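**Q** Going down the list, the protein sequences come from chains H and U. To get my numbering, take the position in the first sequence, counting from 1, and add 937. To get my numbering, take the position in the second sequence, counting from 1, and add 178. Backbone N, C-alpha and C fix where the C-beta goes; we use that ideal spot for every residue, glycine too. As the structure is a computational prediction, the values presented were derived from the model and not from experiment. Let me begin by handing over the structure; questions about it come next.
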Amino acid sequence: MSARKIGEVILDLQNISLRFGGVKALTDISFNVREHEVRAIIGPNGAGKSSMLNVINGVYHPQEGTIIFRGEKRHEMEANAAAKAGFARTFQNIALFKGMSVLDNLMTGRNLKLKTNFLQQAIWWGPARREELENRQKVEEVIDFLEIEHIRKTPVGRLPYGLQKRVELGRALAAEPQILLLDEPMAGMNVEEKQDMCRFILDVNDQFGTTIVLIEHDMGVVMDISDRVVVLDYGKKIGDGTPDEVKNNPEVISAYLGTQH
Amino acid sequence: MLYRETGQFKTTYAADQQIFPIRQDRIAIGLLLAVAFLGVPLVADQYWLSAILIPFLIFALATLGLNILTGYAGQLSLGSAAFMAVGAFGAYNFILRLDMPIIPAFLLGGLCAATVGILFGLPSLRIKGFYLAVATLAAQFFVVWGLTKFGWFSNYSSSGVITAQDMEIFGFPIDSPVSKYLLTLTIVSLLALMAKNMVRSNTGRSWMAVRDMDVAAEVIGIPLMKTKLLAFAVSSFYCGVAGALAAYCYLGTVEPDYFTLDLSFKILFMVIVGGVGSILGSFFGAAFIILLPIFLNIVLHPLFGLFGIDISTAIVSNMELMIFGGLIIFFLAVEPHGLARLWQIGKEKLRIWPFPH
Ligand SMILES: Nc1ncnc2c1ncn2[C@@H]1O[C@H](COP(=O)(O)OP(=O)(O)OP(=O)(O)O)[C@@H](O)[C@H]1O
Ligand SMILES: [Mg+2]
Chain H
938 MSARKIGEVI LDLQNISLRF GGVKALTDIS FNVREHEVRA IIGPNGAGKS
988 SMLNVINGVY HPQEGTIIFR GEKRHEMEAN AAAKAGFART FQNIALFKGM
1038 SVLDNLMTGR NLKLKTNFLQ QAIWWGPARR EELENRQKVE EVIDFLEIEH
1088 IRKTPVGRLP YGLQKRVELG RALAAEPQIL LLDEPMAGMN VEEKQDMCRF
1138 ILDVNDQFGT TIVLIEHDMG VVMDISDRVV VLDYGKKIGD GTPDEVKNNP
1188 EVISAYLGTQ H
Chain U
179 MLYRETGQFK TTYAADQQIF PIRQDRIAIG LLLAVAFLGV PLVADQYWLS
229 AILIPFLIFA LATLGLNILT GYAGQLSLGS AAFMAVGAFG AYNFILRLDM
279 PIIPAFLLGG LCAATVGILF GLPSLRIKGF YLAVATLAAQ FFVVWGLTKF
329 GWFSNYSSSG VITAQDMEIF GFPIDSPVSK YLLTLTIVSL LALMAKNMVR
379 SNTGRSWMAV RDMDVAAEVI GIPLMKTKLL AFAVSSFYCG VAGALAAYCY
429 LGTVEPDYFT LDLSFKILFM VIVGGVGSIL GSFFGAAFII LLPIFLNIVL
479 HPLFGLFGID ISTAIVSNME LMIFGGLIIF FLAVEPHGLA RLWQIGKEKL
529 RIWPFPH
């Protein structure tokens, strides 16, 4: 673990319940996230992990519960407002803009930083061009960081799966988020790609102090990189603590880890 | 000079972000514009200007408009002709009632179309694809009905016909085919340039993001409603200006019934054949669909004549429809990115020529 200092609680989820018709995706879940930490959410398939992320950044709206972000209390997040508040994320099933190049996908990640209006952009010369160049500079930093210089101009639809995952992380990073939500960033990757991805995640956390909430199935990875872990099963929270605490929690062992050992 | 990117290293992002990053492309565009502005007026005869080049430019503009909405923002529309009608009748009324100069009148006509476009774009906030297309059909029928029904729009002329007033710009009369061609060319070139600038900026990226994956777009902070409605507005504005140009520089007199669903479909075909999501493709598509009937007319008669068959114009126009149909299916099935993509492939081949790998 690095020397970064874990701060106060910045995101506090209280008694979140989410239903889809008769399906209870989340039942009365509470946990918090501290500034600068790497917080993992684990659990078997269908446990409600993705639903949890979707609640956090306003893609899903829970029926019950309270979300407190930086002291501001809300019943639910709105996706757009969450982006403005500094949340960025990746999806379990890659959600890149398939028809656009890597560069354009990353530039789109910075859309909130671009302030000129469409008329100024239609004219191009002046503020729009200047802004485009400044943001291109920032995007190039992300491209360097993720080592994807060689595919800058490639349409993302043509990239292999592992690289697409990396580009999606890039799009999230381009927004310079305060909290990064990652839904299974290493799923379907080979060992080498996983190592790269781990390194990127830890570097982001370390260098920019970005708070990270991630869902991951690979227990080795989770135990290695996270500061605290929440365990979900059938939409309920069954464990919460440091990796070691969670590993030794009997309920967690029987529900989840038990099958792994 | 070979068509190459090599040797043209881009040392700054500014150089990389030029509108045409490859030098040969810049030269080609420069030449094309020189020919269009200087060469064509010298050599083209009245028929070429009035019957081919002016309508080509006008339909390229309308196609560009629809391409912004459908190709870039992913919102299917069958109302392009209606928005053209609003532009035409809007411009007519601004000139008639406010004695406005033509350029502002055309632009305001476009703005009227943009307003109507936003109204009929509202359903796009809830529905997608096929259902949205049906909703835009409403625009198509409603506008034509409204313009015919309420005589005010056509100054109470019979069957809603409007006749373009005489045009002048700063005292120069726009009455000859050459002057109308140059006016159309100027407006279309400027609007095409602005469209190109929009699609390479945040506006265009937001449109494409909404098209490709709207949930992800929303999550990174793109406001869906604003982005979609802006696409409807800009698209309808382009169609509206094209409509005004059609009335004033091409047709002279026009009635609401000119702007039928057939015309909307024709513009959609131009988008498909030219290339969905391509500015250049809009010009290819319009050229293709306008030139094809003329080409067939020239080719089919002698061709059948070879076999001693004298074919009627009706057969030629039927064959035209069949060939259209075949081509649409071809492009939809085989090359959804249309002629623009074929052009791109051609250029890529040229870039590595003569070594295929
Ligand atoms: N949009 C939705 N509509 C209906 N049901 C949903 C929706 N999203 C999730 N669910 C249901 O909620 C439950 C939790 O799903 P979720 O995707 O959150 O699980 P998960 O822990 O991410 O699983 P996995 O490991 O497979 O990704 C499942 O029963 C799922 O079917
Ligand atoms: Mg999931």
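At a threshold of 7 angstroms, does ASP1170/H count as lining ligand 2 (C-beta to nearest heavy atom)?
**A** Not so, every heavy atom of ligand 2 lies at least 7 angstroms from the Cβ.
**Q** Of the residues PRO233/U, PHE308/U, ASP194/U, VAL264/U, which one's Cα is nearest the Cα of LEU289/U?
**A** Residue VAL264/U is the option with its Cα nearest to LEU289/U.
**Q** Looking at C-beta atoms only, is the number of pairs between the segment 237 to 244 of chain U and the segment 409 to 426 of chain U that lie closer than 8 angstroms three or more?
**A** Verdict: yes, contact present.
**Q** What is the DSSP secondary structure of ILE347/U, reduced to helix, strand or coil?
**A** Three-state DSSP puts ILE347/U in a strand.
**Q** Less than 7 angstroms separating the Cβ of ASN994/H from some heavy atom of ligand 1?
**A** No.
**Q** Going by the C-beta, is GLN1000/H closer than 7 angstroms to any heavy atom of ligand 1?
**A** Result no, Cβ not under 7 angstroms from ligand 1.
**Q** Using C-beta distances below 6 angstroms, list every residue in its chain close to PHE267/U, excluding the 5 sequence neighbours before and after it, in chain order.
**A** Contacts found: LEU325, PHE331.
**Q** Report buried or exposed for ILE305/U, applying the criterion of at least 16 other Cβ atoms within 10 angstroms of its Cβ.
**A** Burial call: exposed.
**Q** So does VAL393/U have its beta carbon nearer than 7 angstroms to some heavy atom of ligand 1?
**A** Checking the Cβ of VAL393/U against ligand 1 gives no.
**Q** From ALA395/U, ASP353/U, GLY249/U, LEU478/U, pick the residue whose C-alpha is nearest to that of GLY307/U; which is it?
**A** Looking at the Cα atoms, GLY249/U is the closest of the given residues.
**Q** Of the residues GLN1058/H, VAL1141/H, GLY958/H, which one's Cα is nearest the Cα of MET372/U?
**A** The residue with the shortest Cα to Cα distance from MET372/U is GLN1058/H.
**Q** To be precise: take each residue of the segment 184 to 217 of chain U, compare its Cβ to all Cβ atoms of chain H, and keep it if any distance is under 7 angstroms. Which residues remain?
**A** Those residues of the segment 184 to 217 of chain U that come within reach of chain H (Cβ to Cβ, closer than 7 angstroms) are TYR191, ALA192, GLN195.
**Q** Please list, following the chain, all residues that have a C-beta closer than 6 angstroms to any non-hydrogen atom of ligand 1.
**A** Those satisfying the condition are, in chain order, PHE957/H, VAL960/H, ALA962/H, GLY980/H, ASN982/H, GLY983/H, ALA984/H, GLY985/H, LYS986/H, SER987/H, SER988/H, GLN1029/H.
**Q** Is ASP1120/H close to ligand 2? I mean its beta-carbon at under 7 angstroms from any heavy atom of the ligand.
**A** Yes, Cβ of ASP1120/H sits closer than 7 angstroms to a heavy atom of ligand 2.
**Q** Is any heavy atom in ligand 2 found nearer than 7 angstroms to the beta carbon of ILE966/H?
**A** For ligand 2, not one heavy atom lies less than 7 angstroms from the Cβ of ILE966/H.
**Q** Would you list the residues sitting across from GLN202/U in a DSSP beta bridge?
**A** Answer is none; GLN202/U lacks a bridge partner.
**Q** Am I right that TYR359/U and ILE232/U are in contact with their C-beta atoms under 8 angstroms? What's the rounded C-beta distance?
**A** Sure, about 6 angstroms apart at Cβ, within 8 angstroms.
**Q** Grab the span of the alpha helix (DSSP H) containing GLY1036/H for me, first residue to last.
**A** Per DSSP, GLY1036/H belongs to no alpha helix (DSSP H) and is neither H nor E.
**Q** Is the Cβ of ASP223/U closer than 8 angstroms to any Cβ of chain H?
**A** No, ASP223/U does not count as interfacial toward chain H.
**Q** Taking 7 angstroms as the line, does the beta carbon of ILE1152/H fall inside it for any heavy atom of ligand 2?
**A** Flag set: Cβ of ILE1152/H near ligand 2.
**Q** Is the segment 195 to 213 of chain U in contact with the segment 390 to 407 of chain U, if contact means three or more CB pairs nearer than 8 angstroms?
**A** Too few Cβ pairs lie closer than 8 angstroms, so no.
**Q** How about LEU948/H: is its C-beta nearer than 8 angstroms to some C-beta of chain U?
**A** False, the Cβ-Cβ gap to chain U never drops below 8 angstroms.
**Q** I believe ARG1103/H touches LEU1083/H by the beta-carbon criterion, under 8 angstroms. Please report the beta-carbon distance rounded to the nearest angstrom.
**A** Sure, about 6 angstroms apart at Cβ, within 8 angstroms.
**Q** Under a Cβ-count criterion, where at least 16 other Cβ atoms within 10 Å of its own Cβ denotes burial, should PHE198/U be classed as buried or exposed?
**A** So PHE198/U counts as exposed.
**Q** Using only alpha-carbon positions, find the residue among ALA311/U, LEU361/U, SER413/U, MET386/U that is nearest to THR293/U.
**A** Out of ALA311/U, LEU361/U, SER413/U, MET386/U, SER413/U has the C-alpha closest to the C-alpha of THR293/U.
**Q** Counting only Cβ pairs nearer than 8 angstroms, list the residues of chain U close to ASP1041/H.
**A** Under the 8 angstroms cutoff, chain U gives ARG383, MET386.
**Q** In its own chain, which residues sit with a C-beta less than 7 angstroms from the C-beta of LEU955/H, not counting the 5 before and 5 after it?
**A** Here the set comprises ALA962, LEU963, SER988, VAL992, TYR997, PRO999, GLN1000.
**Q** Measure the C-alpha to C-alpha separation of SER302/U and PHE320/U and round it to an integer number of angstroms.
**A** If I take the Cα positions, the gap works out to 17 angstroms.
**Q** Tell me which residues share the same chain as VAL339/U and place their Cβ nearer than 8 angstroms to its Cβ, disregarding the 5 neighbours each side in the sequence.
**A** Correct list, in chain order: SER332, THR431, VAL432, GLU433.
**Q** Please compile the residues from chain U whose C-beta is within a distance smaller than 7 angstroms of the C-beta of LYS1035/H.
**A** Simply ASP390.
**Q** Since VAL119/U contacts ALA1020/H with CB under 8 angstroms, what's their CB separation in whole angstroms?
**A** Since the first residue of chain U shown is 179 and the last is 535, residue 119/U is not available in this structure.
**Q** Is it right to say GLN1144/H is buried, meaning 16 or more other beta carbons lie within 10 angstroms of its own, or is it exposed?
**A** By the neighbour-count rule (16 or more Cβ atoms within 10 Å), GLN1144/H is not buried but exposed.
**Q** How about the segment 1147 to 1154 of chain H and the segment 1181 to 1191 of chain H: do they share at least three Cβ pairs that are nearer than 8 angstroms?
**A** Contact fails: fewer than three Cβ-Cβ distances are below 8 angstroms.
**Q** Looking at the C-beta of VAL393/U, does it have a partner C-beta in chain H at a distance below 8 angstroms?
**A** Yes, VAL393/U counts as interfacial toward chain H.
**Q** Just to confirm the assignment, what range does the alpha helix (DSSP H) spanning ILE281/U have?
**A** Run containing ILE281/U: 280 to 299, per the alpha helix (DSSP H) assignment.
**Q** I'd like to know whether the C-beta of ARG1108/H is nearer than 8 angstroms to at least one C-beta of chain U.
**A** Closer than 8 angstroms to some Cβ of chain U, the Cβ of ARG1108/H qualifies, so yes.
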